[in-house]
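Only one structure is covered here, and it is reproduced in the block below.
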Amino acid sequence: MINGKVAIITGASSGIGEATALTLAKAGVKVAIGARRIGRLEELSKKIIANGGEVFFQKLDVTKNEECKNFAKAVLDKWGSIDILVNNAGLMPLSFFKNLKVDEWDRMIDVNIKGVLYCTGSVISHMKEKKSGHIVNISSVAGRVVFPAGSVYCATKFAVAAFTEGLRQEFSVRSNIRVTSIEPGIVATELTDTITDESLQQFVEHGKKMETLQAQDIANAILYAVDSPSHVNVNEILIRPTSQEK
């Protein structure tokens, strides 16, 4: 059903983005992968090509609107279509608000919210014109449940959840654009590497001891959503590890 379609995946240099690129490519999707770490993208491209897939890669900083627009234009120039957008790029430098890590707040807002807006804005006119498309936003359990030291991060993910539902209401019925929010619990990725608040070391270590989700689990959920029949709009998928309580 998705064989031959074109997908853009942001934050594709590791974790969920990398697993999603490999999974969609295996399903016959032409994948355009973007991230800041170009060396990682080159390695991922080699894997995709070795497995018989088609890939395009380009350096992408989602906090820069012009880079998002240029990336989408390059994909359209190469393949003539954008059918799926996976807004995966994200940061999680958790900290207690009292520690006033303002630079980290700014960075989270820029990547987790503005990056999703910019990338979606770069493809929406094309999808609207052809009256088809699928936007997948990676939110989080933190887009539903607030926890200590997560107030700013949770705020960004609540924003992604609200934006996703707004997109659905605006575009699904009128323009046949499906919209999905993927909401993972704890996943074994590099996400916790951005935490600089030393008081959260115990939280990080606890997460490492848990049987967490794997990036492939989330990639499988994304595949399920985008490969569903065209009359099916999978709006939300909330996925926790069995051992995660909240």
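If you count by my numbering, then the sequence shown holds residues 2 to 247, one letter each, in order. Cβ coordinates follow ideal geometry from the N, Cα and C atoms, glycine included.
Glu55: not part of any alpha helix (DSSP H); DSSP gives it neither H nor E. Under the criterion of beta carbons closer than 8 Å, Leu77 and Ile83 qualify as touching, at roughly 6 Å. Per the C-alpha coordinates, the member of Ile187, Val147, Ala222 and Thr157 positioned closest to Lys115 is Thr157. The beta carbon of Leu239 is closer than 6 Å to those of Glu184 in its chain, skipping five residues each way along the sequence. Between the region 34-54 and the region 95-105 there are fewer than three C-beta pairs closer than 8 Å, too few to call the two in contact. Per DSSP, Arg179 is one residue of the beta strand (DSSP E) stretching across Ile178 to Pro185. For Met128 and Val137, the gap between their C-alpha atoms comes out near 13 Å. With the rule of 3 Cβ pairs closer than 8 Å, the region 32-41 counts as touching the region 58-72. Taking the Cβ atoms as the reference, Ala220 lies roughly 11 Å from Thr190, outside the contact range of under 8 Å. The continuous beta strand (DSSP E) containing Ala33 extends over residues Lys31 to Ala36.
In the three-state reduction of the DSSP assignment, Ile223 falls in the helix class.
Taking 7 Å as the cut-off, the beta carbon of Val146 is found no closer than this to the beta carbon of Thr165.
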